[in-house]
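Trainee:
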Amino acid sequence: MKNRLFLICPASNVEHFLKRKYHGNCYFLTALAGVFQFQDKSYTEELIDVVERERIEEIVVVNDTSCRFMYNVLAKQKGYNTHAEQILIDLLIENYSKVMEKPSITDQVKQLAEVNVRRQIEELLSINYFLQEVVLQKISISGLITSKAAGEVVEVETLVRELTL
Numbered sequence: 001m002k003n004r005l006f007l008i009c010p011a012s013n014v015e016h017f018l019k020r021k022y023h024g025n026c027y028f029l030t031a032l033a034g035v036f037q038f039q040d041k042s043y044t045e046e047l048i049d050v051v052e053r054e055r056i057e058e059i060v061v062v063n064d065t066s067c068r069f070m071y072n073v074l075a076k077q078k079g080y081n082t083h084a085e086q087i088l089i090d091l092l093i094e095n096y097s098k099v100m101e102k103p104s105i106t107d108q109v110k111q112l113a114e115v116n117v118r119r120q121i122e123e124l125l126s127i128n129y130f131l132q133e134v135v136l137q138k139i140s141i142s143g144l145i146t147s148k149a150a151g152e153v154v155e156v157e158t159l160v161r162e163l164t165l
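Under the working numbering, the first residue of the sequence shown carries the number 1, and numbering increases by one thereafter.
This is the structure:
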């Protein structure tokens with residue numbers, strides 16, 4: 001049985017959905033809107049501790065299309081002024097045409113979620129001491145866009161699946 005660590009937004013409530021879709025041991029780490037603060041060394045050290053202790057074989061960065069933070073950013077609604085919302089706003093500005101060319105708000109949320117998942121994976125892998133752990137332990141990293149409401153799981157195509165020395 002594979003040990004997976006899912007990085008999710010706590011407001012999306014996707015834990016049970018993911019447990020039904022994936023066999024093996026599922027572990028969860030949460031951050032608002034799935035925006036993790038990997039730049040914080042102590043945070044990343046704790047992440048490494050979890051990965052080692054639970055013998056994680058795959059890390060999966062997940063954004064669900066029900067994320068109210070993404071909807072708020074796209075609708076230009078006043079949010080809660082969180083770090084996660086500011087990151088999403090910045091991502092929207094940087095990827096505005098790619099996101100807004102989508103015909104519906106649902107498709108725009110999916111596109112923003114994909115951009116966020118890719119960003120989170122890139123940021124995670126930019127930390128050398130974490131990358132060393134990933135390579136040494138042969139941990140695969142992937143991204144998912146889920147729609148709990150529709151029962152859908154779409155893998156985000158990334159350049160990284162499994163890193164080796």
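Cβ atoms here follow ideal geometry from the backbone N, Cα and C, with glycine treated the same way.
1) Does the segment 115–133 come close enough to the segment 16–28 that 3 or more CB-CB pairs lie under 8 Å?
2) In whole angstroms, what is the alpha-carbon distance linking residue 39 and residue 70?
3) Please confirm if the segment 96–113 is in contact with the segment 63–78, defined as three or more CB-CB distances below 8 Å between the two stretches.
4) So what does DSSP say about residue 163, is it helix, strand or coil?
5) Give me whichever residues DSSP pairs with residue 6 in a beta bridge.
6) State the DSSP-derived secondary structure class of residue 156, mapped to helix, strand or coil.
7) Look at the alpha carbon of residue 128 and the alpha carbon of residue 12, and state the distance between them as a whole number of angstroms.
8) Which first and last residues belong to the beta strand (DSSP E) in which residue 97 is found?
9) CB residue 14 to CB residue 64, shorter than 8 Å?
10) Return the CA-CA distance between residue 143 and residue 150, expressed in angstroms with no decimal places.
11) Compare the Cα-Cα distances from residue 10 to each of 66, 131, 55, 51 and report the closest residue.
12) On the CB-based measure, 16 or more other CB atoms within 10 Å of its CB, does residue 75 come out buried or exposed?
13) State the beta-bridge partners of residue 144 as determined by DSSP.
Mentor: With the given structure in hand:
1) Output reads no: the segment 115–133 does not touch the segment 16–28.
2) A direct Cα-Cα distance of roughly 22 Å separates residue 39 from residue 70.
3) Taking one beta carbon from each stretch, the segment 96–113 and the segment 63–78 have 3 or more pairs nearer than 8 Å; the two touch.
4) Note on residue 163: pLDDT 47, under 50, position unreliable in the model; the coordinate value appears next. Coil.
5) Paired residues: 28, 60.
6) Secondary structure at residue 156: strand, using DSSP grouped into helix, strand and coil.
7) The C-alpha of residue 12 is placed about 30 Å away from the C-alpha of residue 128.
8) For residue 97, no beta strand (DSSP E) segment is defined; the enclosing uninterrupted segment is the alpha helix (DSSP H) at 96–100.
9) It is a contact, given that the beta carbons lie within the stated cut-off.
10) Each residue's alpha carbon lies about 18 Å from the other.
11) With distances taken between Cα atoms, residue 10 lies closest to 66.
12) With fewer than 16 other Cβ atoms from the protein chains shown falling within 10 Å of its own Cβ, residue 75 counts as exposed.
13) Answer is 62, 155.
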